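Trainee: Numbering (numbering that gives the first Met the number 0), first residue to last: 0 to 276.
Yeah, the Cβ is synthetic: ideal placement off N, Cα and C, and Gly gets one too.
Quick caveat, the model's predicted, so the values are computed rather than measured.
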Amino acid sequence: MVDTICRHDPWSVEVLLYRSDKIVCEWAVEIEEPFFYFYKTLFSKLGIKLPFIDFEWAALQVLNIALTQLHPNSWAFVQAFELLCEDMGNEPLLSVFFWFFSLRRAKKVSWTSLSNRPWRKLMKSFWKSYKFFKDHFFRVAVGHTRSSMLFGESGDPFFPLYWSGQSTILITVDRDDLEDWEEEFIEDLSQLPTLSCSKFITDKGYSIKDLVILKMRSSRSITLVVGGAVAEAAPFLLLDWSLLGRPRRVLSHLLWLFWILPKTPLCLLPSVPVICR
Numbered sequence: 000m001v002d003t004i005c006r007h008d009p010w011s012v013e014v015l016l017y018r019s020d021k022i023v024c025e026w027a028v029e030i031e032e033p034f035f036y037f038y039k040t041l042f043s044k045l046g047i048k049l050p051f052i053d054f055e056w057a058a059l060q061v062l063n064i065a066l067t068q069l070h071p072n073s074w075a076f077v078q079a080f081e082l083l084c085e086d087m088g089n090e091p092l093l094s095v096f097f098w099f100f101s102l103r104r105a106k107k108v109s110w111t112s113l114s115n116r117p118w119r120k121l122m123k124s125f126w127k128s129y130k131f132f133k134d135h136f137f138r139v140a141v142g143h144t145r146s147s148m149l150f151g152e153s154g155d156p157f158f159p160l161y162w163s164g165q166s167t168i169l170i171t172v173d174r175d176d177l178e179d180w181e182e183e184f185i186e187d188l189s190q191l192p193t194l195s196c197s198k199f200i201t202d203k204g205y206s207i208k209d210l211v212i213l214k215m216r217s218s219r220s221i222t223l224v225v226g227g228a229v230a231e232a233a234p235f236l237l238l239d240w241s242l243l244g245r246p247r248r249v250l251s252h253l254l255w256l257f258w259i260l261p262k263t264p265l266c267l268l269p270s271v272p273v274i275c276r
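(1) In terms of residue numbering, what span does the alpha helix (DSSP H) encompassing S197 cover?
(2) Let me confirm a value: E178 is counted as buried when at least 16 other C-beta atoms fall within 10 Å, else exposed. Which label applies?
(3) In the structure shown, what three-state DSSP assignment does R174 receive?
(4) Hey, C196 and K120: beta-carbon distance below 7 Å or not?
(5) Does the Cβ-Cβ distance between R73 and S112 come in under 7 Å?
(6) Helix, strand or coil, according to DSSP, for K133 in the structure here?
(7) Assign I168 to one of two classes, buried (16 or more other C-beta atoms within 10 Å of its C-beta) or exposed (fewer than that).
(8) Does the Cβ-Cβ distance between I185 and V95 come in under 7 Å?
(9) Hey, how far is the Cα of F35 from the Cα of S153?
(10) Please state the DSSP three-state secondary structure of A140.
(11) With a 10 Å radius around its C-beta and 16 neighbouring C-beta atoms as the bar for buried, classify F136 as buried or exposed.
(12) Give a yes or no on contact between the region 155-163 and the region 84-93, applying the rule of three or more CB pairs nearer than 8 Å.
(13) Under 7 Å Cβ to Cβ from P159, same chain only, skipping five residues before and after it: list those, please.
(14) Quick check: what's the CA-CA separation for A140 versus F100?
(15) Assuming L92 and E181 form a contact by the criterion Cβ under 8 Å, report the distance between their Cβ atoms to the nearest whole angstrom.
(16) Between G46, G151, A57, R174, which has its C-alpha nearest L82's C-alpha?
(17) Excluding the 5 residues flanking Q78 on each side, which residues of the same chain have their C-beta closer than 7 Å to its C-beta?
(18) Leaving out five residues on either side along the sequence, give the residues of the same chain with a beta carbon under 6 Å from the beta carbon of V271.
(19) I need the straight-line Cα distance from W56 to K198, nearest angstrom please.
(20) Helix, strand or coil for F100? Go by DSSP, reduced to three states.
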């Protein structure tokens, strides 16, 4: 079990089987060694492993919650964002992550959830309804040789080990406070269409080529306002075929962008001249 959920690092971890009457929000008693709970689905479905990387435990710190307080669908956002950053050659940053995601608290539900911010939808949820995970968990305790997986040099835990009654209720990101390269990364991500969270996690993910193509397609998508309604359509290029096939001759031809919107007249807009070789 330890080999399944741990990265290949010199960590000493004990994974303890637990009785079914235990709950994930309990605290350690004074005589017990520190521990935390870990939902089985986090490693079996989402591929999250121990020890957490800096971005993961920093997210828990900012949210001020224990690991099991964050809903698995939200953990999927965290994991997929890490993989997206890896594909794009960038370090995952909380500032960029929380520019696209916000806190969402539902009534009668004790978990903390994340959702896409309005008009900044970066990813689809891993599952529309994430069920049957509550009763499958285990306890992770510090091994006999090392405790640095849970505690820093100051002796404080990297993240809340037990359920917190004072979780963060609002996180905002002011772009005026960001570095230029953070701004550039946000702009790059903003040009992508809504990505599949599950494709990052359960499949081979998006290659760099995939992301470039998606970005190009999204940049060609134009929003038109017709009669007060907003519709989005991708342009189709119309070319005068009589100009094609002339060997090695440079042809300058004005193309037209062509949209057909439901219940709207035909729209023709001139594009920039294109050189056909």
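Mentor: On the basis of the supplied data:
(1) The count along the sequence shown starts at 1 and reaches residue 197 at position 198. 196-201 is the span of the alpha helix (DSSP H), which, as asked, contains S197.
(2) Counting from 1 along the sequence shown, the entry for residue 178 is found at position 179. It is exposed - the Cβ of E178 has fewer than 16 other Cβ atoms within 10 Å.
(3) Position 175 of the sequence shown holds residue 174. Looking at R174 - three-state DSSP - the assignment turns out to be helix.
(4) By 1-based counting over the sequence shown, the position of residue 196 is 197. By 1-based counting over the sequence shown, the position of residue 120 is 121. No, these two residues do not count as a Cβ contact at 7 Å.
(5) As a working mapping, residue 73 is identified with position 74 in the sequence shown. As a working mapping, residue 112 is identified with position 113 in the sequence shown. The question names Arg, yet the displayed sequence has Ser at residue 73. Yes.
(6) Position 134 of the sequence shown, counted from the start, is the residue given in the question as residue 133. It is coil, neither helix nor strand.
(7) As a first step, residue 168 is located in the sequence shown; it is residue number 169 there, counting from the start. Exposed, by the Cβ-count rule.
(8) Reading the sequence shown from its first residue, position 186 is the one you call residue 185. Reading the sequence shown from its first residue, position 96 is the one you call residue 95. Going by C-beta atoms, I185 is nearer than 7 Å to V95.
(9) Within the sequence shown, residue 35 is the residue found at index 36, counting from 1. Within the sequence shown, residue 153 is the residue found at index 154, counting from 1. Rounded to whole angstroms, F35 to S153 spans 19 Å at the Cα level.
(10) Taking the first residue of the sequence shown as position 1, residue 140 is located at position 141. Reduced to three states, the DSSP call for A140 is strand.
(11) Along the sequence shown, one-based indexing puts residue 136 at 137. Classification for F136: buried.
(12) no
(13) Locating residue 159 in the sequence shown gives position 160, where the first residue counts as 1. Cβ neighbours of P159 beyond the five flanking positions: L59, N63, I64, A65.
(14) Along the sequence shown, one-based indexing puts residue 140 at 141. Along the sequence shown, one-based indexing puts residue 100 at 101. So the alpha carbons of these two residues sit roughly 31 Å apart.
(15) Within the sequence shown, the letter at position 93 stands for residue 92. Within the sequence shown, the letter at position 182 stands for residue 181. L92 to E181, Cβ: 7 Å. Contact.
(16) Taking the first residue of the sequence shown as 1, we reach residue 82 at position 83. The residue with the shortest Cα to Cα distance from L82 is G46.
(17) For this step, residue 78 is matched to residue 79 along the sequence shown. Excluding positions up to five away in sequence, the list reads L45, G46, I47, I200.
(18) Here residue 271 is taken as the residue at index 272 of the sequence shown, counted from 1. Bear in mind that a pLDDT of 36 at V271, under 50, signals an unreliable position, so the number given afterwards is only what the model happens to contain. Excluding positions up to five away in sequence, the list is empty.
(19) Numbered from its first residue, the sequence shown carries residue 56 at position 57. Numbered from its first residue, the sequence shown carries residue 198 at position 199. Near 24 Å, if we compare the C-alpha coordinates of K198 and W56.
(20) On the sequence shown, position 101 is the one that residue 100 refers to. In this structure, F100 counts as strand in the three-state DSSP scheme.
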